[in-house]
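Below is one structure, written out as structure tokens; the observations come after it.
Residue numbers (our numbering): 1 to 252.
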């Protein structure tokens with residue numbers, strides 16, 4: 001853990017303990033630099049469902065952090081065009097991944113501080129991170145890994161980001177039409193919207209796709225996704241589109 005009584009200036013302060021933040025903390029500490037990871041809930045299980053290309057996790061020695069694998073993936077561009085991807089895909093075991101990354105960080109000497117950073121003051125040679133527990137941490141470099149909010153980044157012009165929004169469920173179903181040997185990477189087909197002019201128009205302006213991981217003939221992860229939009233698509237809109245798609249596919 002971080003010891004404020006030593007008043008060290010660390011090489012790097014990583015704000016945020018998600019996959020990106022821990023990955024950076026691990027790699028930088030492996031290079032022999034001093035690192036502190038600051039997060040209000042460092043032991044929290046990551047809530048998102050993560051999918052990866054197997055070869056990428058193999059290159060990072062993380063194959064033991066996968067809990068389901070498919071030999072390939074498929075993309076439905078539209079009703080007539082399909083792309084088969086002969087590249088193994090997998091679902092990440094979030095607990096295993098976080099546990100392994102945390103263990104590597106500890107072995108490398110990464111310090112951890114349980115708090116929320118509320119402000120950063122930058123000076124010529126170092127920065128001061130003000131935490132909500134009254135502790136101030138000094139570091140030569142600060143990395144904001146807080147996610148889409150980027151709460152510590154200051155902009156010199158109006159910031160208008162695009163947002164990816166998704167609604168996903170892990171479901172037990174009566175049946176589904178998907179090949180168990182293929183992960184459904186993207187299904188852009190919109191035939192499920194025929195007869196609903198309003199939904200068709202919304203999808204024409206901001207399209208969404210289905211992402212699916214079929215674990216068995218009755219157990220499946222389903223997620224309707226808006227890849228990017230400004231402003232982000234409303235969750236209710238995405239849920240409505242997903243319900244229409246699942247009804248069309250006969251998934252109950």
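Note that CB positions come from ideal geometry on N, CA and C, so glycine has one too. A quick note: this is a predicted structure, and the numbers were derived from the prediction, not measured.
Margin query: What residue range does the alpha helix (DSSP H) around residue 238 cover?
Written below: 235 to 249
Next item on the list: For the alpha helix (DSSP H) holding residue 26, just list the boundary residues, first then last.
Entry: 19 to 30
Notebook entry, point to check: Residues in its own chain within less than 7 Å of residue 29 by CB, not counting five upstream and five downstream?
Noted result: 35, 105, 108, 109 and 110
Checklist line | Buried/exposed call for residue 37, threshold 16 Cβ in 10 Å | finding: buried
Margin query: Three or more C-beta pairs under 8 Å: does that hold for the segment 48 to 59 against the segment 79 to 94?
Written below: They touch, by the three-pair rule.
Next item on the list: Rank 252, 226, 232 and 231 by C-alpha distance to the C-alpha of residue 241 and give the top, closest one.
Entry: 226
Margin query: Please state whether the Cβ-Cβ distance between residue 129 and residue 139 is less than 8 Å.
Written below: yes
Notebook entry, point to check: Apart from the five residues on each side of it in sequence, which residues of its chain come closer than 8 Å, Cβ to Cβ, to residue 131?
Noted result: 38, 113, 115, 116, 117, 118 and 137
Next item on the list: Check whether the segment 213 to 220 touches the segment 153 to 162, counting contact only when three or more Cβ pairs, one atom from each stretch, lie closer than 8 Å.
Entry: Verdict: no, contact absent.
Notebook entry, point to check: Counting Cβ pairs, one atom from each stretch, are 3 or more of them under 8 Å apart for the segment 10 to 26 and the segment 177 to 190?
Noted result: no
Notebook entry, point to check: Would DSSP call residue 176 helix, strand or coil?
Noted result: coil
Next item on the list: For the segment 90 to 102 and the segment 58 to 74, state whether three or more C-beta atom pairs, one from each stretch, are separated by less than 8 Å.
Entry: Using a C-beta cut-off of 8 Å, the segment 90 to 102 makes contact with the segment 58 to 74, since at least three inter-stretch Cβ pairs fall below that distance.
Next item on the list: Determine the direct distance from the alpha carbon of residue 24 to that of residue 71, and round the result to whole angstroms.
Entry: Approximately 29 Å between the Cα atoms of the pair.
Check: To which residues of the same chain is residue 244 closer than 8 Å at the C-beta, ignoring the five residues directly before and after it?
Finding: 192, 193, 196 and 199
Next item on the list: Return the first residue and the last residue of the alpha helix (DSSP H) that residue 11 is part of.
Entry: Segment 9 to 15 is the beta strand (DSSP E) holding residue 11; no alpha helix (DSSP H) there.
Check: Quick one, are the C-beta atoms of residue 19 and residue 46 less than 8 Å apart?
Finding: yes
Next item on the list: Compare the C-alpha of residue 73 against each of 210, 145 and 190 and name the closest.
Entry: 210
Notebook entry, point to check: Does residue 50 have its Cβ less than 8 Å from a Cβ in chain C?
Noted result: Within the model displayed, chain C is absent; a lone protein chain is all it includes.
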